[in-house]
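Just so you know, the sequences run in chain order A and B.
Each residue of the first sequence is one higher than the last, beginning at -19 in my numbering.
Each residue of the second sequence is one higher than the last, beginning at -19 in my numbering.
There are 2 protein chains.
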Amino acid sequence: MMSLGGQASDTPKNGGLSRIQERNRSLILDAALSEFSRKGFSGATVERIAAEAGMSKSNLLYYFSSKEAIYKATLAHILEVWLAPLKTLDPGGEPARELAAYIRQKIEMSATFPEASRLFANEVMQGAPQILPILEGDLRRLVSEKSRVIQDWIDAGKMRQVDPVQLIFMIWATTQHYADFSIQIKALTGKDLSDPVFFEETENSITTLILNGVGLTAPGNDD
Amino acid sequence: MMSLGGQASDTPKNGGLSRIQERNRSLILDAALSEFSRKGFSGATVERIAAEAGMSKSNLLYYFSSKEAIYKATLAHILEVWLAPLKTLDPGGEPARELAAYIRQKIEMSATFPEASRLFANEVMQGAPQILPILEGDLRRLVSEKSRVIQDWIDAGKMRQVDPVQLIFMIWATTQHYADFSIQIKALTGKDLSDPVFFEETENSITTLILNGVGLTAPGNDD
DNA sequence: TTGCATCTTGACCATTTGGTCAAATTACAC
DNA sequence: GTGTAATTTGACCAAATGGTCAAGATGCAA
Chain A
-19 MMSLGGQASD
-9 TPKNGGLSRI
1 QERNRSLILD
11 AALSEFSRKG
21 FSGATVERIA
31 AEAGMSKSNL
41 LYYFSSKEAI
51 YKATLAHILE
61 VWLAPLKTLD
71 PGGEPARELA
81 AYIRQKIEMS
91 ATFPEASRLF
101 ANEVMQGAPQ
111 ILPILEGDLR
121 RLVSEKSRVI
131 QDWIDAGKMR
141 QVDPVQLIFM
151 IWATTQHYAD
161 FSIQIKALTG
171 KDLSDPVFFE
181 ETENSITTLI
191 LNGVGLTAPG
201 NDD
Chain B
-19 MMSLGGQASD
-9 TPKNGGLSRI
1 QERNRSLILD
11 AALSEFSRKG
21 FSGATVERIA
31 AEAGMSKSNL
41 LYYFSSKEAI
51 YKATLAHILE
61 VWLAPLKTLD
71 PGGEPARELA
81 AYIRQKIEMS
91 ATFPEASRLF
101 ANEVMQGAPQ
111 ILPILEGDLR
121 RLVSEKSRVI
131 QDWIDAGKMR
141 QVDPVQLIFM
151 IWATTQHYAD
161 FSIQIKALTG
171 KDLSDPVFFE
181 ETENSITTLI
191 LNGVGLTAPG
201 NDD
């Protein structure tokens, strides 16, 4: 698990949580994700998070020692699930199928957890004050590892020459765009990823463009 | 010019500005772009903007009636230049050359005005409270118009079938990603678009991927 | 130089907001 | 049921911050 600094742990021995604690922490983190993703760290207020979690501000501060602690916990909570799909890229698989699966997973994330995407984007755009060490550490290693996988596919003549890191960036950019800029997309098309038809259209467009872009063709949908 | 609502104009007859006014407004808008793009609307403080502009908070409020007024003016100031490249897409040109030129312009914007990109991203991610009308109006019309251009190229058999709007989204996503997430990109690669080599690499990767993606090949660089 | 409009500022105010604390309430082991 | 620890809250505080205002400084036309 990726840890977010912090010496004073706000999550003591994970098993040592009462039912009430478990429930309230979960309520708080949900509310915090909603609030932070919509307003950013500065724009969010502890009071509103507490209200959305159905408790008083004082009580919320009984579970998390400060606004920043809530923020860090929220980030940590989403970061793992947000970066997980890349880990599934399988060196043994066929490039077309693997990349298509990765893209699909990323779009599904954007559709299912748009708030997480926006929170992450916000954090990075502010200079990644909390997660910079993770970006430079775990994430960098993961990207290196998966770049190696892609490079091997290229070396094996299975796909066109392309900088693997740039390819990963482009997949991130295109897929996350639909979550981060969903308001703009809705303003321009009237739809967003919550519309199943638009979701399929989008997945198809991105997959086709990127696979074609690296000299592959979309694999059949026989799963 | 795209106007940002607001009945009480903070920019009276454009010609009627004294030298002092012109200079100070410009200093303020520069400082505001820097501050708002780094901290977002809520995180920015009028005091810091004033300091960066080299004047007192009171004096800044002599030129702009409120924090929101500064924010609106800053947005209006960058919006036009930010959306301009799309307008240059020429129906009479060849798709490969036109798209390559558009992509290049967008990457140049990301390299030259990353703060503008982040400010715009921030505004949209917060729900576009200020610019939603523009997105739904002028921008929507512009995108429709240019989608028509792309669709005509497709109908003429000049490029592969693709949803033109989705193609535009993907160009926006990939190019702006390098400005909005430059911290992440720097953490992962050690470089950003201010590095000429990385700039060229990036332009090449994006252009190649997208043009190949729509069945085109990059045009020669004989300009 | 004079007089007026423009420009600039420090003092000040009201509100918001993150965080503290003591007291009250509730959950639960025995 | 009793007692202790966990939970919850309202009252309160200090700092930050957007904005006002009256007074002073400066620019400039005559």
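Glycine included, every Cβ here is placed at the ideal spot set by N, Cα and C.
Nothing here was measured: the structure is a model prediction, and the numbers come from that model.
I'd like the list of long-range same chain contacts for residue i, defined as Cβ closer than 7 Å, with 5 residues on each side in sequence excluded.
| i | result |
| --- | --- |
| D160(B) | S97, R98 and A101 |
| T197(A) | A76 and L191 |
| V129(B) | L69 and P71 |
| E95(B) | L13, S14 and S17 |
| I165(B) | Y158 and D172 |
| T155(A) | I83, K86, I87, S90 and I186 |
With a threshold of 7 Å between beta-carbons, can residue i be considered close to chain B, or not?
| i | result |
| --- | --- |
| F161(A) | yes |
| M89(A) | no |
| G20(A) | yes |
| M139(A) | no |
| D143(A) | yes |
| A153(A) | yes |
| G170(A) | no |
| E116(A) | yes |
| N4(A) | no |
| S185(A) | yes |
| M35(A) | no |
| R98(A) | yes |
| V104(A) | yes |
Compute every distance between the C-beta of residue i and the non-hydrogen atoms of the ligand ZN, then say whether any falls below 6 Å.
| i | result |
| --- | --- |
| L40(A) | Inclusion of the ligand ZN in the displayed structure is not the case, the ligand content being empty and no account of it being possible. |
Could you tell me whether any Cβ in chain A is nearer than 7 Å to the Cβ of residue i?
| i | result |
| --- | --- |
| L41(B) | no |
| Q110(B) | no |
| L79(B) | no |
| S174(B) | no |
| R120(B) | yes |
| L189(B) | yes |
| H57(B) | no |
| Q164(B) | yes |
| Q131(B) | no |
| Q146(B) | yes |
Taking all protein chains shown into account, decide if residue i is buried (16 or more other Cβ within 10 angstroms of its Cβ) or exposed.
| i | result |
| --- | --- |
| E48(A) | exposed |
| Y42(A) | exposed |
| V61(B) | exposed |
| N4(B) | buried |
| A108(A) | buried |
| I148(B) | buried |
| A228(B) | Here chain B comprises residues numbered -19 to 203, so residue 228(B) is not present and cannot be evaluated. |
Which same chain residues end up closer than 6 Å to residue i when comparing Cβ atoms and leaving out the 5 residues on each side of it in sequence?
| i | result |
| --- | --- |
| K37(B) | V26, E27 and A30 |
| F21(A) | Y51 |
Within its chain, find whatever has a CB closer than 8 Å to the CB of residue i; leave out the 5 residues flanking it on each side and keep chain order.
| i | result |
| --- | --- |
| F93(A) | I58, V61, W62 and A159 |
| A91(A) | Y158, A159, L173, S174 and F179 |
| V145(B) | V123 and S127 |
| L(-3)(B) | R5 |
The stretch 63 to 75 of chain A contacting the stretch 128 to 138 of chain A, beta-carbon criterion three pairs below 8 Å: Yes: the two stretches touch, three or more of their Cβ pairs being nearer than 8 Å.
Sufficient close CB pairs (3 or more, under 8 Å) joining the stretch 160 to 178 of chain B to the stretch 113 to 133 of chain B: Touching, no, given that fewer than three Cβ pairs across the two stretches are closer than 8 Å.
Ordered list of beta strand (DSSP E) runs contained in the stretch 2 to 34 of chain B, each at least 3 residues: If only complete runs of 3 or more residues are kept, the stretch 2 to 34 of chain B shows no beta strand (DSSP E) anywhere.
Contact between the stretch 79 to 96 of chain B and the stretch 77 to 86 of chain A (3+ Cβ pairs under 8 Å): With a cut-off of 8 Å, the stretch 77 to 86 of chain A and the stretch 79 to 96 of chain B do not count as touching, because too few Cβ pairs lie within range.
Contiguous alpha helix (DSSP H) assignments of at least 4 residues, all confined to the stretch 85 to 171 of chain A: The stretch 85 to 171 of chain A contains, as complete alpha helix (DSSP H) runs of 4+ residues, the segments 94 to 105, 120 to 135, 144 to 160 and 162 to 169 (chain order).
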